[in-house]
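A.B. asks:
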Amino acid sequence: MSERLKGKVAIVTGASGGIGRAIVAELLSESCTVIGLNQNQDPSNIGYYEFIADVTNRARIEEVIGEIIQTFRRIDILVNNAGVTKDTLFYRMSYEDWDSVINVNLTGAFNLTKACIKEIVRNEGVIINISSVVGLEGNIGQTNYSASKSGLIGFTKSLAKEFGRKNVRVNAIAPGFIETPMTERLGEELKNKALERIALRRFGRPEEVAKLVKFLILDGTYITGQVIIIDGGLEL
Ligand code: NAP
3 MSERLKGKVA IVTGASGGIG RAIVAELLSE SCTVIGLNQN QDPSNIGYYE
53 FIADVTNRAR IEEVIGEIIQ TFRRIDILVN NAGVTKDTLF YRMSYEDWDS
103 VINVNLTGAF NLTKACIKEI VRNEGVIINI SSVVGLEGNI GQTNYSASKS
153 GLIGFTKSLA KEFGRKNVRV NAIAPGFIET PMTERLGEEL KNKALERIAL
203 RRFGRPEEVA KLVKFLILDG TYITGQVIII DGGLEL
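Note that the numbering used here has the sequence shown beginning at 3, numbered continuously upward.
1. Between which two residues does the beta strand (DSSP E) carrying E69 extend?
2. Out of G68, G9 and L29, point me to the one whose CA is closest to M3's CA.
3. What do you reckon, is the C-beta of P45 under 6 angstroms from a heavy atom of ligand 1?
4. Between the Cα of Y2 and those of V128, I77, I67 and Q144, spot the shortest distance and give me the residue it belongs to.
5. At a cut-off of 6 angstroms, would you count V215 as near ligand 1, judging by its Cβ distance to the nearest heavy atom?
6. Do the CB positions of I77 and V14 come within less than 7 angstroms of each other?
7. Go ahead and label F205 buried or exposed: buried means 16 or more other beta carbons lie within 10 angstroms of its beta carbon, across all protein chains shown.
8. Rounded to whole angstroms, what's the CA-CA distance from T73 to T226? Just pull it up for me.
9. Verify the contact flag: I180, CB atom, against every heavy atom of ligand 1, threshold strictly below 6 angstroms.
10. To the nearest angstrom, how far is it from the Cα of K195 to the Cα of R203?
11. Under the assumption that A17 contacts D56 (Cβ atoms under 8 angstroms), give the Cβ distance between them as a whole number of angstroms.
12. Can you have a look at Y50 and say buried or exposed, based on whether 16 or more other CB atoms are within 10 angstroms of its CB?
13. For G156, which residues of its own chain have a beta-carbon under 8 angstroms away from its beta-carbon, when the five flanking residues on both sides are left out?
14. Looking at the secondary structure, which residues open and close the alpha helix (DSSP H) in which I119 lies?
15. Please go through the region 147–226 and give each complete alpha helix (DSSP H) segment of 4 or more residues, from N-terminal end onward.
16. Looking at the structure shown, is Y51 part of a helix, part of a strand, or coil, going by DSSP?
17. So, using beta-carbon positions, are V136 and S148 closer together than 7 angstroms?
18. Contact between the region 22–41 and the region 93–102: three or more CB pairs below 8 angstroms?
19. What separation, rounded to the nearest whole angstrom, lies between the Cα atoms of P177 and I132?
20. Thinking C-alpha only, which one of D89, R187 and A111 is nearest L154?
21. Flag S18 as yes when its Cβ comes closer than 6 angstroms to any non-hydrogen atom of ligand 1, and as no otherwise.
22. What do you reckon, is the C-beta of T185 under 6 angstroms from a heavy atom of ligand 1?
23. I believe N107 touches G140 by the beta-carbon criterion, under 8 angstroms. Please report the beta-carbon distance rounded to the nearest angstrom.
In structure tokens:
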């Protein structure tokens, strides 16, 4: 246990999920005060402060961030990690499939950033957006998801340019296949096909993504506006 983030306050959305939980664990290991924002209560909370809010609900997000500022007095780090998939071929994609994925993955990140930005600027903080390799390359059956993840990349780069002079760093992480509930849902055949395309011949572990998040926060002090790919050598 080290204390490099002692006194800092981090918000992680989707803290109950596979990657979210690993990010929380990594930040806790540096003595950070970690606040997880979940839409449902986390039955296996690993020791973070939990707030229940849907990232698409702007009024609720503003309320929760207000409470967090009142209670913890600061926000230094925001990890926009909450995300969903609703995969289907384009002909079959409903308006609802499109809207819900864009709303959670892209507009959700906007909502959180909007609510936290003044605090993050005040503390010369860090924002990390969890995008995806699909946001760089596209993928069959994921027009909604890939558009949301590409959108996050544009959002990241523009924010980095806008807030660089305030010493706020904003980066995106683009994971490939990571072992989480999100990829558990893929069938065996699809998983095996994916493995053949990964140079390291395995899916990534959530902890590996979380270590990159920690690196960007603590050591990547001259890195901003970047998309860091973590995919074990995946060829899409
Ligand atoms: P996961 O295990 O399914 O976790 C997703 C998390 O997001 C859950 O905590 C979920 O909460 C939360 N969430 C979903 N909708 C929400 C909403 N409207 N408001 C608040 N929270 C919400 O997925 P994961 O694999 O850890 O994914 C985390 C991030 O990494 C996502 O942005 C995903 O797109 C990205 N990513 C994952 C992979 C991968 O291979 N796993 C690859 C590339 C990128 P509930 O469970 O309560 O709904």
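Glycine included, each C-beta is placed from N, C-alpha and C at the ideal position.
C.D. replies: In brief:
1. That residue, E69, is in no beta strand (DSSP E); its alpha helix (DSSP H) goes R60 to F74.
2. Relative to the Cα of M3, the nearest Cα in the group G68, G9 and L29 belongs to L29.
3. No - ligand 1 has no heavy atom lying nearer than 6 angstroms to the Cβ of P45.
4. No information on residue 2 is available, as it lies outside the stretch 3 to 238 that the chain covers here.
5. no
6. no
7. buried
8. 29 angstroms
9. yes
10. If you take the alpha carbons of K195 and R203, they lie about 11 angstroms apart.
11. Not a contact, Cβ separation roughly 14 angstroms.
12. buried
13. none
14. G110 to R124
15. Here the runs fully enclosed are 183–186, 190–198 and 208–220.
16. DSSP places Y51 in strand when its eight states are reduced to three.
17. yes
18. no
19. 8 angstroms
20. A111
21. yes
22. At least one heavy atom of ligand 1 is nearer than 6 angstroms to the Cβ of T185, so yes.
23. At roughly 15 angstroms, the Cβ-Cβ gap does not stay under 8 angstroms, so N107 and G140 are not in contact.
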